[in-house]
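Trainee: Residue numbers (the working numbering), protein chains in the order written: chain X, 1 to 301; chain L, 1 to 301.
Glycine is no exception: its CB is placed at the ideal position from the N, C-alpha and C atoms.
1. Taking only the alpha-carbon atoms, compute the straight-line gap between residue 11 of chain X and residue 54 of chain X and give it to the nearest angstrom.
2. If I follow the unbroken alpha helix (DSSP H) through residue 3 of chain L, where does it start and stop?
3. Mind checking residue 278 of chain L: buried by the 16 CB within 10 Å criterion, or exposed?
4. Ordered along the chain, which non-local residues of its own chain (more than five positions away) have a Cβ less than 6 Å from that of residue 110 of chain L?
5. Look up residue 73 of chain L in the DSSP assignment and say whether it is helix, strand or coil.
6. Can you give the Cα-Cα distance for residue 71 of chain X and residue 122 of chain X, rounded to whole angstroms?
7. Is there a C-beta anywhere in chain X that falls below 9 Å from the one on residue 19 of chain L?
8. Going by DSSP, what residue range makes up the alpha helix (DSSP H) through residue 142 of chain X?
9. Give the secondary structure of residue 134 of chain L by DSSP, where H, G and I count as helix, E and B as strand, and everything else as coil.
10. If we call anything under 9 Å between Cβ atoms a contact, is residue 210 of chain L one with residue 253 of chain L?
11. Check whether the Cβ atoms of residue 363 of chain L and residue 136 of chain X sit closer than 9 Å, and answer yes or no.
12. The region 120-132 of chain L: which residues have C-beta closer than 9 Å to a C-beta of chain X, in chain order?
13. Between the Cα of residue 9 of chain L and those of X:139, X:282, X:69, X:125, spot the shortest distance and give me the residue it belongs to.
14. Going by beta carbon distance, what residues of the same chain come within less than 8 Å of residue 270 of chain L, once the five residues before and after it are set aside?
15. How close, in whole Å, do the beta carbons of residue 220 of chain X and residue 147 of chain X come, if the pair is a contact with beta carbons under 8 Å?
16. Are there 16 or more other CB atoms within 10 angstroms of the CB of residue 7 of chain L, so buried, or fewer, so exposed?
17. Does residue 39 of chain L come out as helix, strand or coil in the three-state DSSP assignment?
18. According to DSSP, which residues form a beta bridge with residue 214 of chain X?
19. So, for residue 51 of chain X: in the same chain, excluding its five sequence neighbours on each side, which residues have a beta-carbon less than 6 Å away from its beta-carbon?
20. May I ask which residues mark the beginning and end of the alpha helix (DSSP H) holding residue 82 of chain L?
21. Give the single residue among X:241, X:66, X:250, X:34 whose Cα lies nearest to the Cα of residue 193 of chain X.
22. Closest to residue 32 of chain X by CA distance: which of X:261, X:236, X:21, X:106 is it?
23. With burial defined as no fewer than 16 other Cβ atoms inside 10 Å of the residue's Cβ, what is the status of residue 64 of chain X: buried or exposed?
24. Along chain X, in chain order, which residues have C-beta atoms closer than 7 Å to that of residue 302 of chain L?
25. Residue 39 of chain X and residue 161 of chain X - do their beta-carbons sit closer together than 9 Å?
26. When you compare only the Cα positions, how much space is there between residue 166 of chain L and residue 139 of chain X?
27. Buried or exposed for residue 159 of chain X, please, with buried defined as at least 16 other CB atoms from any protein chain shown within 10 angstroms of its CB.
28. Got a sec, what are the start and stop residues for the alpha helix (DSSP H) residue 260 of chain L sits in?
29. Assuming contact is defined by CB atoms lying nearer than 9 Å, are residue 289 of chain X and residue 46 of chain X in contact in what I supplied?
30. Any idea what DSSP makes of residue 296 of chain X, helix, strand or coil?
31. Once you ignore the five residues that flank residue 43 of chain L on each side, which residues in its own chain have a CB closer than 8 Å to its CB?
32. What do you reckon, are the CB atoms on residue 116 of chain X and residue 104 of chain L nearer than 9 Å?
33. Indicate, with yes or no, if the ligand SAM has a heavy atom lying under 8 Å from the CB of residue 108 of chain L.
34. Please report how far the alpha carbon of residue 275 of chain X lies from the alpha carbon of residue 204 of chain X, in whole angstroms.
35. Buried or exposed for residue 118 of chain X, going by 16 or more other Cβ atoms inside 10 Å?
Structure below.
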């Protein structure tokens with residue numbers, strides 16, 4: 001990943017180095033590498049794929065943070081906190097380009113196609129979010145949104161290695177299901193942590209999604225259980241809810257069973273993901289993917 | 001190209017339709033299609049490639065116009081003139097994604113790789129321009145800049161069809177040279193028109209590059225011929241040159257031989273481009289590519 005900025009402008013090298021040093025859990029490339037191991041996929045090309053997936057993810061974060069005006073990510077300053085919008089847009093574009101080059105270096109047209117399709121899905125999801133997902137109390141919309149935002153990239157990571165192996169369409173379908181299910185669980189847990197963590201852990205205000213009008217699973221569960229809750233009525237009546245009203249709503253959601261119920265749903269996604277792997281014979285690699293699925297719901301922030 | 005937004009959010013469909021209706025000369029896909037004809041490349045996949053090239057170009061324009069704050073392109077409002085920066089960034093990303101999908105649909109890894117590499121080149125060029133190309137009186141920097149900005153995409157359009165044909169590396173090199181040379185000429189002529197056209201034709205102020213500190217070939221030629229010109233001395237001494245000083249410099253360049261000399265250089269690029277085609281037997285397609293090369297230097301705005 002770091003080698004992708006070699007020979008480029010020093011400021012760009014510094015930016016890429018900053019972005020990659022900021023770390024993150026590297027869950028997506030881990031999924032890709034474990035999946036490649038399970039499927040006996042070509043080793044070098046799988047590593048290239050894993051780097052392509054992580055860079056694609058990084059590029060979308062760079063544009064996301066700019067759009068959201070986020071100043072911190074993982075406790076580190078975002079690129080847009082320190083750079084002009086112009087340089088930030090172009091750095092995101094540059095990382096897209098290098099991710100696409102790495103994807104092409106897998107020498108699989110199928111990988112390339114899946115890669116490009118995933119990028120379309122992610123971006124279309126973000127556009128839909130901007131245009132029509134504010135204050136929308138709909139499970140269907142929520143699940144579509146987190147598929148586009150997160151699960152599509154996990155699908156890519158889990159299923160693309162099939163094309164670097166001698167495995168068939170059935171295995172591809174199973175790995176796609178695994179990626180989909182744990183990706184959905186991963187985002188649900190992120191959305192839970194957005195309510196249960198404190199500001200310092202998050203590096204941003206608690207329930208920042210809700211404050212922007214984005215309804216995630218904890219809020220959906222709370223309001224489905226208590227459609228007459230005064231907080232909900234107040235919220236839907238105010239065009240620009242006050243911070244005080246927001247704090248009250250967030251507290252009510254945290255103290256309700258909505259968080260627990262959301263976590264139960266995440267666990268069900270994970271279970272379906274693990275089940276999908278059962279068409280493969282038991283092996284250390286399969287065990288590792290099962291462990292990773294469990295980690296998705298057990299992790300702290 | 002239009003089909004790429006099918007099934008997407010209506011606002012996105014409207015945006016893509018607006019961008020494609022705005023027209024433009026479609027020079028790049030024309031190069032791709034004529035080159036494909038010359039090389040007897042696979043027809044369907046060549047059309048897909050041509051659409052990929054034009055969409056890649058369109059995506060870079062969307063981000064460029066946002067970065068430059070341009071409100072008009074080809075006399076039509078830019079996307080950023082009517083949309084939020086967020087929606088504009090994401091629409092650019094979406095068009096990148098669909099261009100990449102089309103490139104993958106050519107089913108050639110080599111096309112895909114060349115496509116991704118071209119995107120890196122274009123974006124790296126823009127980043128370099130932002131970080132270090134202001135008030136730089138260097139031919140080398142200028143030629144690097146217009147290669148990254150324009151000629152690299154013409155190279156892609158001309159040479160990628162080789163990978164959809166049964167032709168060999170020598171032909172690829174020749175087509176790459178053709179694309180490079182006419183791409184360089186195309187941008188030089190654009191830079192000349194930026195001085196010689198009036199504001200109404202351009203849809204932006206005359207010499208807008210120079211006003212932003214970007215030194216193009218007419219200005220380079222002028223100042224190389226007249227290193228002691230008072231206008232130049234005034235310019236290099238002022239951190240933020242006044243509009244009046246700028247108007248004076250622009251007038252001096254327009255009235256000098258610098259424009260003519262720049263056009264002579266463009267013609268030389270075109271001639272080298274036409275020469276590169278001579279390894280191919282004469283044919284109507286080769287003649288069409290030669291005509292297109294001539295059009296590059298003869299065109300009005």
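Mentor: In short:
1. 21 Å
2. Where residue 3 of chain L is concerned, there is no enclosing alpha helix (DSSP H), given that its DSSP letter is neither H nor E.
3. exposed
4. 163
5. strand
6. 22 Å
7. no
8. 139-146
9. strand
10. yes
11. Past the boundaries of the shown model lies residue 363 of chain L; chain L is included only from 1 to 301, so the question cannot be answered.
12. 120, 121, 122, 123, 124, 126, 127, 128, 130, 131, 132
13. X:125
14. 181, 182, 185, 293, 294, 296, 297
15. Not confirmed; about 15 Å, so no contact.
16. exposed
17. coil
18. X:134
19. 1, 102
20. 79-82
21. X:250
22. X:106
23. buried
24. Chain L is shown from 1 up to 301; residue 302 of chain L falls before or after that span and cannot be answered.
25. yes
26. 52 Å
27. buried
28. 258-276
29. no
30. helix
31. 36
32. yes
33. No copy of the ligand SAM appears in this structure; indeed no ligand is present at all.
34. 36 Å
35. buried
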